[in-house]
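Read the structure below first, then the notes.
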Amino acid sequence: MAKFYGVIGYAETVETRPGIWEKQITERHYYGDVTRNTRRLQSSDKLNDDINISNEISIVADPFANQNFHSMAYVEFMGAKWKITNVEVQYPRLILSIGDVYNDVE
Numbered sequence: 014m015a016k017f018y019g020v021i022g023y024a025e026t027v028e029t030r031p032g033i034w035e036k037q038i039t040e041r042h043y044y045g046d047v048t049r050n051t052r053r054l055q056s057s058d059k060l061n062d063d064i065n066i067s068n069e070i071s072i073v074a075d076p077f078a079n080q081n082f083h084s085m086a087y088v089e090f091m092g093a094k095w096k097i098t099n100v101e102v103q104y105p106r107l108i109l110s111i112g113d114v115y116n117d118v119e
């Protein structure tokens, strides 16, 4: 099992001005383990295939992560930001399933 240390981004929608809501990202660092490490190519009508990874990362959760796991947006892994598709709570750990590349402009 490979070790993990990296950034997890939490997305929260906040009102910046009256009637204007924007996504605000908070980043925090975590330790953990990579429990599954796979990749697949997804064919599409684009010129190049999309790369998806079906990895699972088990992190040791702090109180902030336990209270805000619903806001987790991405994890930085192998030099890229990957979208968190599922979070499973197994106290004191959180199991993160990741998939597509995270797009900052969503």
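Number 119 marks the last residue of the sequence shown (the numbering used here); no jumps. For every residue, glycine included, the Cβ atom is placed at its ideal position computed from N, Cα and C.
Taking T68 as part of the beta strand (DSSP E), name the residues at either end of that continuous run.
Here residue 68 corresponds to residue number 55 of the sequence shown, with the count starting at 1. Reading off the sequence shown, one finds Asn at residue 68, where the question assumed Thr. From DSSP, the beta strand (DSSP E) with N68 extends over 68-73.
At least 3 beta-carbon pairs within less than 8 Å: the region 63-71 vs the region 23-41:
no
From the DSSP output, in three-state form, read off N81 for me.
The residue you call residue 81 lines up with position 68 of the sequence shown. Reduced to three states, the DSSP call for N81 is helix.
Based on Cα-Cα distance, which residue from I111, Y115, E40, M91 lies nearest to F77?
Stepping through the sequence shown from its first residue, residue 77 is reached at position 64. Answer by Cα proximity: E40.
With 16 other Cβ atoms within 10 Å as the buried cut-off, status of W95:
By 1-based counting over the sequence shown, the position of residue 95 is 82. By the 10 Å Cβ count, W95 comes out buried.
Can you say whether V88 is buried or exposed, counting buried as having 16 or more other CB atoms within 10 angstroms of its CB?
What you label residue 88 is simply residue 75 of the sequence shown in a count that begins at 1. Around the beta carbon of V88, a 10 Å sphere encloses 16 or more other beta carbons of the protein chains shown; the residue is thus reported as buried.
Residue range of the unbroken beta strand (DSSP E) whose run includes G45:
The residue labelled residue 45 in the question sits at position 32 within the sequence shown. Element bounds for G45: 33-49.
Less than 7 Å separating the beta-carbons of V47 and F82?
By 1-based counting over the sequence shown, the position of residue 47 is 34. By 1-based counting over the sequence shown, the position of residue 82 is 69. Contact: no.
When the Cα of I111 is compared with those of Q80, Y104, I72, which residue comes out closest?
Taking the sequence shown and counting its residues from 1, one reaches residue 111 at position 98. Among Q80, Y104, I72, the Cα nearest to that of I111 belongs to I72.
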